[in-house]
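Reviewing the structure listed below.
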Amino acid sequence: MPTGAGTTSHVIRTSALAFVRDRRLLQARSHGKPAFYMAGGKIDPGESAEEALVREIREELDAGVVAPVLLDVFEAPAYGHAPGTSLHMTCFTGDLDREPLPTSEIAEIAYFTFGEYAALAERAPGSLLVFGRLHALGVID
Numbered sequence: 001m002p003t004g005a006g007t008t009s010h011v012i013r014t015s016a017l018a019f020v021r022d023r024r025l026l027q028a029r030s031h032g033k034p035a036f037y038m039a040g041g042k043i044d045p046g047e048s049a050e051e052a053l054v055r056e057i058r059e060e061l062d063a064g065v066v067a068p069v070l071l072d073v074f075e076a077p078a079y080g081h082a083p084g085t086s087l088h089m090t091c092f093t094g095d096l097d098r099e100p101l102p103t104s105e106i107a108e109i110a111y112f113t114f115g116e117y118a119a120l121a122e123r124a125p126g127s128l129l130v131f132g133r134l135h136a137l138g139v140i141d
């Protein structure tokens, strides 16, 4: 049997917004899910990461993205998916054109410091990477 037979590797490509307020990073939690994660979502076929960002933030937070700037691309195990599933997250910084509000697919939104997020029982590995980067840059506490 060939090496790796029976295992599958899948990559989920997403776009996310690192929105900071009062030195805390915004996170969203979907209905029925225990972990908070970066606001954003999957990039549709034929869609750029920035186009997906604008669409997903409108869908999740009922807000428009103002002046998005690429922070980095983060890769991590995809939280809540089958083993071997990877997250490829294009993350932007930017502002919002209005106060973010959780939409029908989002149960709640909250702002966390790096330490507060790291102390949660359930954490998304991709979010943890973004928290670490923003903390190292001195953007969040």
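full-length UniProt numbering applies: residue 1 is where the sequence shown begins, and numbers increase by one. Built from N, CA and C at the ideal position, the CB exists for glycine as well.
* To do: Just confirm the distance between the C-beta atoms of Asp97 and Val66, as a whole number of angstroms; I'd bet it's less than 8 Å.
  => 5 Å
* What residue ranges within the UniProt domain "Nudix hydrolase" (2 to 134) form continuous beta strand (DSSP E) runs of no fewer than 3 residues, ordered along the chain? -> 10 to 18, 24 to 30, 39 to 42, 65 to 77, 85 to 96, 106 to 112
* **Exposed unless 16 or more other CB atoms sit within 10 angstroms - verdict on Glu60** => buried
* Are the beta-carbon atoms of Lys42 and Gly80 separated by less than 8 Å? -> no
* To do: Could you tell me if Val130 is buried or exposed, where buried requires 16 or more neighbouring beta carbons within 10 angstroms of its beta carbon?
  => buried
* Using CA coordinates, which residue listed in Ala16, Ala118, Tyr117, Arg23 is at the minimum distance from Val139? -> Closest option to Val139, Cα to Cα, is Arg23.
* **Glu108 vs Pro100 beta-carbon contact at 8 Å** => No, Cβ-Cβ distance for Glu108 and Pro100 is not below 8 Å.
* Cβ atoms of Phe36 and Ser127: under 8 Å apart, would you say? -> yes
* From residue 142 to Arg58, what distance separates their C-alpha atoms? -> No answer is possible for residue 142: it lies beyond the span of the chain, which begins at 1 and ends at 141.
* Asked: Excluding sequence positions up to five away, which residues of its chain have a Cβ less than 6 Å from the Cβ of Pro85?
  -> This sequence places Thr at residue 85; Pro is not what is there. His10, Ala78, listed in sequence order.
* **Distance between beta carbons of Met89 and Phe74, contact taken as under 8 Å** => 5 Å
* Output the distance between the C-alpha atoms of Glu47 and Ser104, rounded to the nearest integer angstrom. => 23 Å
* Asked: Got a sec? Which residues, its chain only, sit under 6 Å from Asp62 by beta carbon, not counting five neighbours each side?
  -> Leu101, Thr103
* For Arg13, which residues from the same chain have a beta carbon less than 6 Å from its beta carbon, with the 5 sequence-adjacent residues on both sides left out? -> If we look at Arg13 and ignore the five residues flanking it on each side, its Cβ neighbours are Ile43, His88.
* Contact set for Ser122: own chain, Cβ-Cβ below 7 Å, skip 5 residues either direction -> At residue 122 the sequence reads Glu, which differs from the Ser that was named. For Glu122, where only same-chain residues beyond five positions count, the Cβ hits under 7 Å are Pro34, Ala35.
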